[in-house]
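Step one of this worksheet: look at the structure below.
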Ligand SMILES: Cc1cc2nc3c(=O)[nH]c(=O)nc-3n(C[C@H](O)[C@H](O)[C@H](O)COP(=O)(O)OP(=O)(O)OC[C@H]3O[C@@H](n4cnc5c(N)ncnc54)[C@H](O)[C@@H]3O)c2cc1C
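In the working numbering, the protein residues as written are 71 to 474.
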């Protein structure tokens with residue numbers, strides 16, 4: 071039996087505490103907030119999308135991505151599902167996305183917390199760990215009011231994402247000589263400074279968006295796009311945002327090209343003009359708003375007309391061929407230059423973190439300092455939207471706890 075201190079009562083810290091206690095260790099969890107699992111509560115808009123059936127490495131990002139083959143496996147998937155059964159959670163699965171059957175994230179948090187308490191895990195809340203020192207084989211964990219002694223220490227402090235200020239988790243890791251891979255916001259909204267933002271704010275459309283870096287195509291996503299007074303948001307945007315943040319950090323020009331009508335599949339703007347010409351045969355003698363309002367959001371049509379300096383009452387027949395091509399481009403290839411991402415506070419996760427290759431992925435023990443362990447988002451691993459980040463938190467916490 072070892073005396074274990076876990077720093078951070080978030081998703082991975084709680085999973086780790088349960089598994090370590092089931093292994094008959096003495097387990098103390100120290101949490102800086104007054105309550106545990108704040109991000110679990112906020113997750114999935116209060117419903118907690120805690121896992122995804124498509125648990126596979128393609129949904130994860132890390133500088134040492136190939137190492138994830140050892141841990142993002144079907145065996146790990148089964149381990150996560152067994153863990154949730156063991157604490158009484160029955161999943162509701164929608165398109166592969168797992169939610170608790172109650173549809174409430176609080177039921178995930180309460181089930182974890184109740185299990186940990188019943189097993190005898192001891193919690194100290196309102197206690198920020200300021201420093202950890204090691205003397206011979208023992209660790210001293212220093213908070214403002216109290217010091218703790220432990221044989222092993224687990225650093226489960228998450229990341230800067232979703233937090234306004236005062237995050238010191240990385241400092242604790244660096245004090246044991248670990249490398250910090252460049253931390254940037256990921257799963258975050260994108261900002262631009264175009265003149266029409268106030269006009270499109272509030273519009274939601276099904277779109278295809280393509281990311282270009284210095285005019286080179288990088289990746290595309292399809293999904294519901296949310297247009298806001300600062301730029302764009304939505305799951306499809308989130309899934310490109312990690313790449314955008316890195317690209318902007320490297321001072322590249324980042325462009326998002328939006329297809330506002332992905333259901334109409336064409337190979338070129340010329341083909342799309344021909345498609346619109348066909349539509350015009352059916353709907354002639356209409357101005358552009360009347361001509362398009364059945365297929366495109368009204369506010370967007372107004373923006374396209376304004377962007378191209380067309381008269382408000384212009385009809386499709388009034389346009390020259392070049393104007394038709396320009397109009398088609400607004401609908402199928404709308405260009406948006408991205409200036410920045412939203413701040414860490416607005417992000418769901420961070421990319422970067424403690425270098426993965428410095429951690430033993432069987433036990434989650436540091437390869438640099440015996441007795442120090444890491445779990446969750448503090449490690450240089452981030453996932454796509456859809457339950458992948460919590461899945462990483464659970465599996466790292468479970469595997470670490472089982473090996474303590
Ligand atoms: C708004 C929002 C929605 C999200 N929705 C989803 C979703 O639906 N699905 C999904 O998979 N992921 C989602 N995520 C991401 C997911 O919540 C995180 O990836 C996950 O919680 C990370 O778990 P963790 O244990 O590493 O860190 P956390 O859950 O962040 O826990 C870290 C804990 O450590 C504590 N701590 C930090 N420093 C110290 C210190 N020095 N001393 C003591 N305690 C400390 C923190 O207060 C916190 O309680 C969402 C995130 C946000 C912000």
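For each residue, glycine too, the CB sits at the ideal point set by N, CA and C.
Given that a residue counts as buried once 16 or more other Cβ atoms are within 10 Å of its Cβ, and exposed if not, what is residue i?
| i | result |
| --- | --- |
| residue 368 | exposed |
| residue 102 | buried |
| residue 90 | buried |
| residue 346 | buried |
| residue 418 | buried |
| residue 163 | exposed |
| residue 392 | exposed |
| residue 227 | buried |
| residue 348 | exposed |
At what residues does the beta strand (DSSP E) containing residue i begin and finish?
| i | result |
| --- | --- |
| residue 276 | 274-283 |
| residue 444 | 442-444 |
| residue 325 | 324-329 |
| residue 309 | It is not in any beta strand (DSSP E) - residue 309 instead sits in the alpha helix (DSSP H) that spans 305-319. |
| residue 377 | Note, residue 377: premise wrong, no beta strand (DSSP E); alpha helix (DSSP H) at 368-377. |
For ligand 1, is there any heavy atom lying closer than 7 Å to the beta carbon of residue i?
| i | result |
| --- | --- |
| residue 391 | no |
| residue 307 | no |
| residue 54 | An answer regarding residue 54 cannot be provided, because it is not within the stretch 71 to 474 covered by the chain. |
| residue 319 | no |
| residue 98 | no |
| residue 101 | yes |
| residue 470 | no |
| residue 232 | yes |
| residue 414 | no |
| residue 168 | no |
| residue 75 | no |
| residue 460 | yes |
| residue 190 | no |
| residue 78 | yes |
Under the DSSP definition of a beta bridge, which residues are partnered with residue i?
| i | result |
| --- | --- |
| residue 168 | 121 and 163 |
| residue 220 | 209 |
| residue 17 | Because the chain here runs from 71 to 474, residue 17 falls outside it and cannot be looked at. |
| residue 100 | 77 and 194 |
| residue 436 | 429 |
| residue 356 | BP columns for residue 356 are empty, so no partner. |
| residue 349 | DSSP lists no partner for residue 349. |
Kindly indicate the opening and closing residues of the alpha helix (DSSP H) around residue i.
| i | result |
| --- | --- |
| residue 110 | 108-112 |
| residue 466 | 458-472 |
| residue 151 | 144-156 |
Using the three-state DSSP reduction, which class does residue i fall into: helix, strand or coil?
| i | result |
| --- | --- |
| residue 295 | strand |
| residue 268 | helix |
| residue 397 | helix |
| residue 239 | helix |
| residue 180 | helix |
| residue 415 | helix |
| residue 130 | strand |
| residue 52 | The chain is shown from 71 up to 474; residue 52 falls before or after that span and cannot be answered. |
| residue 389 | coil |
| residue 409 | coil |
Tell me, please, whether the CB atom of residue i is closer than 8 Å to any CB atom in chain D?
| i | result |
| --- | --- |
| residue 77 | No chain D is part of this structure, which consists of one protein chain only. |
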